[in-house]
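Chains as they are written, first to last, in the numbering used here: chain X, 2 to 352; chain Z, 362 to 967.
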């Protein structure tokens, strides 16, 4: 599918919604955090933010002619075709934009996982594999709007692929496997339905967005949106400087990521926090630490400190709490309570 | 300004630029005024502009497009067929019986309205088409049945024609030439910042929807100016937009609207206070002082701001608000006060969707392939069909040069779908007397436990509470835990026991659910001591008699019913009542959330 390059609303021009923006930036710096789920009110610019993020991402190296956009530098992650080619030749590479693949509503399974190339099957009688959305999303982002309305069989499929990083196709007499490592971004309105816990768990971070009720930010939202719609190219040009600066910060953050020091004390606090909240498994702790490191790197710190942990803890943990329907307070409140108990009150730390 | 002239004006405004204004929701039964309105719209749209009509249950393939099977087999290569939305690019799509739209279909329409294009990835075809269009929803819903809220959020106008006289005359005052001139003028119409600010303030004061709605109001103001032959939006345009776009979405009664910042909290916190003090300085100074950190390099607006000195955003906001408040339908306000309206609106999604979901058998989880012709809702599985045909090609006389695949009826394969019948568990909870609070808390806990447990099963839960004079639908059918928590927060207990009203209400909800093809189960939580009659008058004798009568009517409906007797000493009275409604009787003096949910699970599983 070719996407026409349409002007998208600039990321920097999104009013407020700081937690959402931060979660997306952290995820862009360190994709291993595992994606972002954005749940919230109608009309809060959830999809706008995802599309804006796509425009921010710096290009990546990919093998020329590879249908899965393999990274020439990552030998172990090459697809079968590239592996074969790598034995006899040096793989050529070029810079391509990071794929941000939109999962259209009403998509059928064959388009997602890939299927028999119908055209060639019909006209030439050739059995060939036509890659699907998962192939295109490899090394990039897969965006699912209204993720809570996704049909069950597609959810099952995504849960599986998101965990293994590999898409295995066994259909129509085809037997194909190819890498499918992507950052999952989902958005939706919780009033329209809940998300399966297994899918919830595949998201590294989860943020809640609310309609700005404060008059001034509301006015700013409307003004910028209105300005954008009236003259998109001009509006994009106006914000280019800010977007460029943000892109540079993301690139720098990625480069620095490996050098960020992770003190034992921070690790210990992260573990305590997860224990306090009773989150299952190691995934919570790992995500928490990765997100904190990503934030530290983004903010040009040399090491991760407790303040970083404090800021990423709500998005990293709120969707991993074991559900207790009889506890009145929402998950955000529970995380905040635990933060206060384990890490102390914010004032003490800042002082 | 009469309702008729407003309805006529909406035709003109919408016809100027349907794509920019999202659309119109026409709520009314089949009605002469509705026919007139649609006729006026047809007459107002420019010649050649596409106008398509679709039923709310339209399958994805027709809506979004997909593979054209006949053409594909003929041409021997995949040929895509455009869906209705792509065909209507640049025009208007009318959706009939919009109250039956499923959230899934609504989500597809939302995506197209947002992006201005339709992206299809179905059955071997991946393609995108431009689709900038306006929608007209014909919503014939009764009471709380309405089109999904997420879709209404994207339409500028919500128009209720239900109250119009049968002889109402809708005469658009704009000629085709006026509309044409307005279309030409529209791109150059400016909207002063003060007007945007005033619209924002009004929207917040009325609690009117998401930012998207305010943006639509701004666009309507712009179209109104263009229609009036001006190049700058003025006070009258903003007032009009407030009245037509914001007022029908008001969720806050005017008495409360004096303090904008506190209002739009989703949860009803405290009862509205009397409008004792005059509106405080609710609108901040015009200049956007507290902007988010990332600010554009130069603020080009600042010099424009000083130009029209006559527009003070604060005063303008008051004017718009006053006009909008005057236009809020009387019935709407009454419902706002009881704060049931938010729940009703929120419910819309689930109300419309369940039935349709059941109805179209072509949904759900694919569970294998079957043979047979693609009739009715059965969907042809093309790949499997071709596979079935492939081995026989030579036998059927296909020679080397002939590129055509020979498919015979025997080859047809269809995808089988499996869909679990949806269940709805209706709790009818006695909130009367002294034990009310405890019982309600336990019922609420049980509801939440059930929902937490069964969202994979897509089961729904509803809660009816009864006390004083009647029964209230506290939680409309939902499977959203978020909504359940919100709706069940805080309900006063005490008062009489209107059991008859409760049985009636539960029966009506169950009947509605059955009509949608769901399987309802009713759970009564009460001590069975009715002391309020159907008409709300107190009295043990009539209360009991009415309750028994209601119970017999319910028995005739053959809904699975469970009667949980919560009184400390199980009574014969309750047992008798349970028997006459043919309910399973269960004495559970100390019902708690966990035991309740366990019982319900056991009862609904059988």
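Glycine included, every Cβ here is placed at the ideal spot set by N, Cα and C.
What does DSSP give as the partner residue(s) for residue i in the beta ladder?
i, result
"residue 167 of chain X", "X:180"
"residue 101 of chain X", "X:142"
"residue 392 of chain Z", "For residue 392 of chain Z, which the question treats as bridged, DSSP gives no partner whatsoever."
"residue 518 of chain Z", "Z:385"
"residue 945 of chain Z", "Z:923"
"residue 885 of chain Z", "Z:789 and Z:924"
"residue 414 of chain Z", "Z:455"
"residue 832 of chain Z", "Z:827"
When the cut-off is 8 Å and only beta carbons count, does residue i lie next to chain X?
i, result
"residue 481 of chain Z", "yes"
"residue 380 of chain Z", "no"
"residue 511 of chain Z", "yes"
"residue 437 of chain Z", "yes"
"residue 561 of chain Z", "yes"
"residue 956 of chain Z", "no"
"residue 603 of chain Z", "no"
"residue 791 of chain Z", "no"
"residue 880 of chain Z", "no"
"residue 785 of chain Z", "no"
"residue 925 of chain Z", "no"
"residue 487 of chain Z", "yes"
Does residue i pass the burial test, meaning 16 or more other C-beta atoms within 10 Å, or should it be called exposed?
i, result
"residue 105 of chain X", "buried"
"residue 99 of chain X", "buried"
"residue 20 of chain X", "buried"
"residue 471 of chain Z", "buried"
"residue 259 of chain X", "exposed"
"residue 301 of chain X", "exposed"
"residue 664 of chain Z", "Low local confidence applies: a pLDDT of 42 at residue 664 of chain Z is under 50, so the model's placement there is unreliable, with the coordinate-based value given in what follows. Looking at its Cβ environment, which holds fewer than 16 other Cβ atoms inside 10 Å, residue 664 of chain Z is exposed."
"residue 389 of chain Z", "buried"
"residue 279 of chain X", "exposed"
"residue 265 of chain X", "exposed"
"residue 530 of chain Z", "exposed"
"residue 194 of chain X", "buried"
"residue 149 of chain X", "buried"
"residue 527 of chain Z", "exposed"
"residue 96 of chain X", "exposed"
"residue 953 of chain Z", "exposed"
Excluding five sequence neighbours on each side, which residues of the same chain lie with their C-beta closer than 8 Å to the C-beta of residue i?
i, result
"residue 667 of chain Z", "Any reading at residue 667 of chain Z must be qualified, since the residue scores a pLDDT of 40, below 50, and its modelled position is unreliable; no value is offered."
"residue 27 of chain X", "34, 206, 292, 295, 296, 299 and 313"
Among the residues of its own chain, which have a CB less than 6 Å from the CB of residue i, if the five just before and after it don't count?
i, result
"residue 146 of chain X", "48 and 188"
"residue 593 of chain Z", "551"
"residue 277 of chain X", "339 and 343"
"residue 51 of chain X", "144 and 186"
"residue 229 of chain X", "10 and 236"
So that I know if they touch, is there some Cβ in chain Z lying closer than 8 Å to that of residue i?
i, result
"residue 194 of chain X", "yes"
"residue 105 of chain X", "yes"
"residue 147 of chain X", "yes"
"residue 333 of chain X", "no"
"residue 24 of chain X", "no"
"residue 312 of chain X", "no"
"residue 44 of chain X", "yes"
"residue 191 of chain X", "yes"
"residue 85 of chain X", "no"
Within its chain, find whatever has a CB closer than 7 Å to the CB of residue i; leave out the 5 residues flanking it on each side and keep chain order.
i, result
"residue 503 of chain Z", "none"
"residue 515 of chain Z", "383, 471, 474 and 573"
"residue 129 of chain X", "118 and 121"
"residue 409 of chain Z", "none"
Quick check: is the beta carbon of residue i nearer than 8 Å to any beta carbon in chain A?
i, result
"residue 557 of chain Z", "Looking for chain A here will not work: the only protein chains present are X and Z."
- request: With 7 Å as the C-beta to C-beta threshold (strictly closer), list the residues of the stretch 822 to 850 of chain Z near chain X in chain order.
  value: 840, 841, 842, 843 and 844
query: Name the residues in the stretch 562 to 588 of chain Z whose C-beta lies less than 8 Å from a C-beta of chain X; which are they?
result: 562, 564, 565, 570, 571, 572, 573, 574, 575, 576 and 579
- prompt: Residues in the stretch 446 to 470 of chain Z with C-beta within 7 Å of chain X's C-beta atoms, listed in sequence order?
  reply: 464, 465, 468 and 469
task: Return the residues of the stretch 289 to 300 of chain X that lie within a Cβ-Cβ distance of less than 9 Å from chain Z, sorted by chain order.
output: none
field: Chain-ordered residues of the stretch 220 to 242 of chain X with a beta carbon less than 7 Å from chain Z
entry: Of all residues in the stretch 220 to 242 of chain X, 220, 221, 222, 223, 224, 226, 227, 239, 240 and 242 have a Cβ within less than 7 Å of some Cβ in chain Z.
query: Just by C-beta distance, which residues in the stretch 405 to 425 of chain Z are closer than 7 Å to chain X?
result: 421 and 425
query: Going along the stretch 196 to 213 of chain X in order, which residues come within less than 8 Å of chain Z, judged by CB to CB distance?
result: Those residues of the stretch 196 to 213 of chain X placed with their C-beta closer than 8 Å to a C-beta in chain Z are 197, 212 and 213, ordered along the chain.
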